[in-house]
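**Student:** Note that the working numbering numbers the sequence shown so that position 240 is 239, with each residue one more than the last. A single structure is presented below for examination.
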Amino acid sequence: DALIPQIDNIAGETYAFSRELQGPILDMVTRGILVHQRRRHEVLQKFRAQIAQLSEQLTEIVREGIGVPVSNTPPKGKQPEKLWWRSTPQLKALLYDVMGLPIQRKKNAQGVMAPTTNRDAIEKLSQYFIAEPICAHLLALRDVDKKRTFLETDIDADGRMRTSINIAGTNTGRLASSMSDFGSGTNLQNIDRDLRSVFISDPGMKFCNIDLEQADARNLGALCLDKFYASHGEAFASKYLNMCESGDLHTAVCKIARPTLPWTGDPKADRAIADQVFYRSFTYRDLDKRLGHGTNYLGSPITMAKHAHVPVSEVKAFQHHYFTNLPCIPEYHKWVRNEITEYHQLTTLFGRRRMFFGRAKDEATIREAVAYSPQSMTAEEINRGMLNIWRADKRVQLLMQVHDSILFQYPEHLEAELVPWALKTLLVYLTLPGGRRFVVPAEAKVGWNWGDKSDSNPDGLIKWKGGDARKRTDKDWRLSVQG
0 DALIPQIDNI
10 AGETYAFSRE
20 LQGPILDMVT
30 RGILVHQRRR
40 HEVLQKFRAQ
50 IAQLSEQLTE
60 IVREGIGVPV
70 SNTPPKGKQP
80 EKLWWRSTPQ
90 LKALLYDVMG
100 LPIQRKKNAQ
110 GVMAPTTNRD
120 AIEKLSQYFI
130 AEPICAHLLA
140 LRDVDKKRTF
150 LETDIDADGR
160 MRTSINIAGT
170 NTGRLASSMS
180 DFGSGTNLQN
190 IDRDLRSVFI
200 SDPGMKFCNI
210 DLEQADARNL
220 GALCLDKFYA
230 SHGEAFASKY
240 LNMCESGDLH
250 TAVCKIARPT
260 LPWTGDPKAD
270 RAIADQVFYR
280 SFTYRDLDKR
290 LGHGTNYLGS
300 PITMAKHAHV
310 PVSEVKAFQH
320 HYFTNLPCIP
330 EYHKWVRNEI
340 TEYHQLTTLF
350 GRRRMFFGRA
360 KDEATIREAV
370 AYSPQSMTAE
380 EINRGMLNIW
390 RADKRVQLLM
400 QVHDSILFQY
410 PEHLEAELVP
420 WALKTLLVYL
430 TLPGGRRFVV
440 PAEAKVGWNW
450 GDKSDSNPDG
460 LIKWKGGDAR
470 KRTDKDWRLS
480 VQG
């Protein structure tokens, strides 16, 4: 009652929309997703075997290569002299004291720069020849162990895994997820794709996963058109959005970033050129996809080079061509900087406003502000589309929202009706300056489990192209329903 009088029209619309989301969110968190118990056990056993193998290899490398005794079992009581790969103190002693590697530091809870063995530190240390095999094994062990931990998460008595979803959990409007209100389950929004096959549809039902296509990039294009149409003209303001809607954004970026390649003008031939391997395992297209995304969000050459594992000179050359051919991007960066300096706030094209309390001259604040509007618009589009679907047809049962996609199940015999309907109902339209109609397109995948289809997962998701002639092959799913 004290806060409501302070809410103006802009904040009021956001507040009202957040309350409207309680309906579909409550449906998702109470329904949960059915878990295939046998497949869960099989995958869990595979990961346990991988951990054992990697741990044995790490033991041999450290013991024989460095002369340090190693233990694969957790230490009990006092810290033993042997190394356990999960022990942060022992890893620090091995890497920094025994091997003499440069100490990597990070602020601790007390705000002090202290030695660390987090992922960033291990990745940096892997650049040293003597540390590379040890760091590679540590990173692999942590990745696999994270998957093992997820698969060991408690599920509910009815064989379903549930999560809690926080509507107001982020500054952008994205939903946040964690374990369920009953202490079971976990964050179902950040599940590795190779774990998703353990989640299956209910009897007589089938999954549909709908993704927004290149939403952040398209939203940035829409923002450029909206901000600069009047001041710079349509050609200037719409160039990036036109590229996004060309059908192959990343090849188009390659063509402007690498003008010396023998581009033909034929889409298929140019895609083949862009798919050529350029540096290490990167194709031109893959690398420029990463560099374009980072550049859009004010990524520095040094930071981007470190994450992409390419020379700094390569990033600088890319950004020179990128900004020269797409001047609306640096102009957008400039506009955001001015807005934060003068008003300390931004409002998206959907009317969601955010205040920025960091120092206006702090580059971290500016980078956060540059990313805010495109990412917030993506969250708004998927949330509004999800709400539209939930309101319109209860035969569609929402299961999960994952930032720019939704997962739902539907009666299998109604597939030809409900999948095209959901694709259409999800879309959220805006009218931009000049009367241009803007929408982020979506694509659907269908199947009986959440993983992608493969030889080992024939019931997984495949792209919807008007129909799916497959039949459910897994007969053990009934066991999951019976617990």
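Think of the CB as a built atom: it goes at the ideal place given N, C-alpha and C, for glycine as much as any other residue. Please read all numbers here as calculations on a predicted model, not as lab measurements.
Check this for me: beta carbons of Ala236 and Leu224, under 8 Å apart or not?
**Tutor:** In contact: Ala236 and Leu224 (Cβ atoms closer than 8 Å).
**Student:** From Ile166 to Gly172, what distance separates their C-alpha atoms?
**Tutor:** Each residue's Cα considered, the two are about 8 Å apart.
**Student:** Excluding the five sequence neighbours on either side, which residues of its own chain have a C-beta within less than 7 Å of the C-beta of Thr115, listed in chain order?
**Tutor:** Cβ neighbours of Thr115 beyond the five flanking positions: Gln103, Arg104, Lys105.
**Student:** Touching or not, the segment 266-283 and the segment 337-351, by the rule of three or more beta carbon pairs under 8 Å?
**Tutor:** No contact exists between the segment 266-283 and the segment 337-351.
**Student:** Find out if the Cβ-Cβ distance for the pair Asn143, Ile65 is shorter than 8 Å.
**Tutor:** For the record, residue 143 in the displayed sequence is Val; it is not Asn. Going by C-beta atoms, Val143 is not nearer than 8 Å to Ile65.
**Student:** Could you tell me which of Met399, Ala441, Glu416, Leu426 sits nearest to Gly31, measuring between CA atoms?
**Tutor:** Out of Met399, Ala441, Glu416, Leu426, Met399 has the C-alpha closest to the C-alpha of Gly31.
**Student:** Should Arg353 and Tyr331 be called a contact, given that it needs their Cβ atoms to be closer than 8 Å?
**Tutor:** Their beta carbons are not under 8 Å apart, which means Arg353 does not touch Tyr331 by this criterion.
**Student:** Is the beta carbon of Leu211 sitting closer than 8 Å to the one on Asp403?
**Tutor:** Going by C-beta atoms, Leu211 is nearer than 8 Å to Asp403.
**Student:** Using only the heavy atoms of the ligand MG, determine whether one of them is closer than 7 Å to the beta carbon of Lys444.
**Tutor:** For the ligand MG, the structure offers nothing, since it holds no ligand at all.
**Student:** With a CB to CB cut of under 8 Å and the five nearest residues on each side skipped, what residues in its chain are close to Gly379?
**Tutor:** Residue identity differs from the one stated: residue 379 is Glu in this sequence, not Gly. If we look at Glu379 and ignore the five residues flanking it on each side, its Cβ neighbours are Gly172, Thr347, Phe349, Arg351, Val427.
**Student:** Taking only three categories from DSSP, how would you classify Ser176?
**Tutor:** It is a strand residue.
**Student:** Excluding the 5 residues preceding and the 5 following Ile24 in the sequence, name in chain order all residues of the same chain whose CB lies nearer than 7 Å to its CB.
**Tutor:** Taken in chain order, the residues that qualify are Ile164, Ile166.
**Student:** Given a cut-off of 8 Å on the beta-carbon distance, is the pair Arg217 and Leu297 in contact?
**Tutor:** Taking 8 Å as the Cβ cut-off, Arg217 and Leu297 do not qualify as a contacting pair.
**Student:** For Cys207, which beta-bridge partners are listed by DSSP?
**Tutor:** Phe407, Val445, per the DSSP bridge assignment.
**Student:** Have a look at Leu248, Thr302, Leu33, Ile328 and flag the residue whose alpha-carbon is nearest the alpha-carbon of Ala363.
**Tutor:** Among Leu248, Thr302, Leu33, Ile328, the Cα nearest to that of Ala363 belongs to Thr302.
**Student:** Going along the chain, which residues of its own chain have a beta-carbon closer than 8 Å to the beta-carbon of Phe356, five neighbours each way excluded?
**Tutor:** Correct list, in chain order: His343.
**Student:** Select from Glu122, Asp201, Asn170, Asp191 the residue whose C-alpha is nearest the C-alpha of Arg159.
**Tutor:** Cα-wise, what sits closest to Arg159 is Asp201.
**Student:** Using DSSP with H/G/I as helix, E/B as strand and the rest coil, what is Gly461?
**Tutor:** Note that residue 461 corresponds to Ile in the displayed sequence, not to Gly. Residue state, collapsed to three classes: strand.
**Student:** Along the chain, which unbroken stretches of the alpha helix (DSSP H) at least 4 residues long are found entirely within the segment 219-303?
**Tutor:** Fully enclosed alpha helix (DSSP H) runs of 4 or longer: 233-243, 248-256, 266-273, 283-295.
**Student:** For Ile388 and Thr430, which I take to be in contact (beta-carbon distance under 8 Å), what is that distance rounded to the nearest angstrom?
**Tutor:** Not a contact, Cβ separation roughly 22 Å.
**Student:** Please confirm if Gln44 has its CB atom under 8 Å from at least one CB of chain D.
**Tutor:** The structure shown has no chain D; it contains just one protein chain.
**Student:** Who are Asn165's beta bridge partners in DSSP?
**Tutor:** Paired residues: Ala175.
**Student:** Can you tell me which of the three DSSP states Asn189 falls into?
**Tutor:** Three-state result, Asn189: coil.
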